[in-house]
Amino acid sequence: MAILYFHLKGFKIYSQNNHHHHHEKYYYVIYNHKSGICSEKFPFLYGKHRINEYFHIKLDNNKHTSFTIYLYKKGLLKDELVSNLSYDSSKLPFDEVINENKLMNNTSKSSPHILCRISIHLSSSGLDPYNAPEYNIDNTPKYLDALDLDAGSDSYYEALL
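If you want it as structure tokens, here you go:
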């Protein structure tokens, strides 16, 4: 049985106006499109966290599935969906580990750009997670690299790099 393994390593936020504060609370959830089930909330404080969560989804009869990472900012009365990122297993190679920095989709024009750091392994046998040839993909847009160099960035995973 094939299994889709993924290891969420962190987020990096790019803010031009630096209006974010270290006391802000965030959380993320993982939505499994196959089962229709959403994970528990994984909370963290802005700039002070160690995200190191492992997940897996079993693929029945090698049928492909997808999942979405939703990132929320905690509010006093209502939580705000800041960004999301979806992966479709039909677009992933079997038996390779992909380490990727990928830009998340903002939910509004006022949301900062957020980069997600993730490792994904689509195992054809379901054995030996992350024991396969590794490939690093950095999909950081060039304009974010410039923001990072010019204005500095607020980092959710500075210690994990």
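Residue 54 is where the sequence shown starts when you use our numbering, and the numbers rise one by one after that.
From the three backbone atoms N, C-alpha and C, an ideal C-beta is built for every residue, glycine too.
- Using a Cβ distance threshold of 8 angstroms, Ile110 and Phe120 count as a contacting pair.
- DSSP places Lys94 in the coil class of the three-state scheme, outside both helix and strand.
- Listed as beta-bridge partners of Asp141 by DSSP are Ser119.
- Judged by DSSP secondary structure, Ser178 falls outside any beta strand (DSSP E); it is assigned neither H nor E.
- Taking C-beta atoms under 8 angstroms as the contact rule, Leu112 and Ile167 fail to qualify, at a distance of about 28 angstroms.
- Check the Cα spacing between Ser139 and each of Lys62, Ser178, Ile56 and Ile83: the tightest is with Ile83.
- Setting aside the 5 residues that flank it on each side, His117 is surrounded in the same chain by Ser142 and Ser143, each with a C-beta closer than 6 angstroms to its C-beta; the list follows chain order.
- By the 16-neighbour rule on beta-carbons within 10 angstroms, Cys91 is exposed.
- Listed in chain order, the non-local C-beta contacts of Leu98 below 8 angstroms within the same chain comprise His75, His76, Glu77, Lys78 and Tyr79, local neighbours out to five positions each way being set aside.
- Per the DSSP secondary-structure output, Asp191 pairs in a beta bridge with Asn154.
- In this chain, the beta strand (DSSP E) harbouring Leu57 covers Ala55 to Tyr67.
- As the crow flies, the alpha-carbon of Ile56 is around 16 angstroms from that of Glu106.
- Membership of Ile104 in any beta strand (DSSP E) is not indicated, and neither H nor E is assigned to it by DSSP.
- Here DSSP, grouped into helix, strand and coil, assigns Leu168 to strand.
- Linking Glu187 to Lys94 through their CA atoms gives a straight-line distance of about 29 angstroms.
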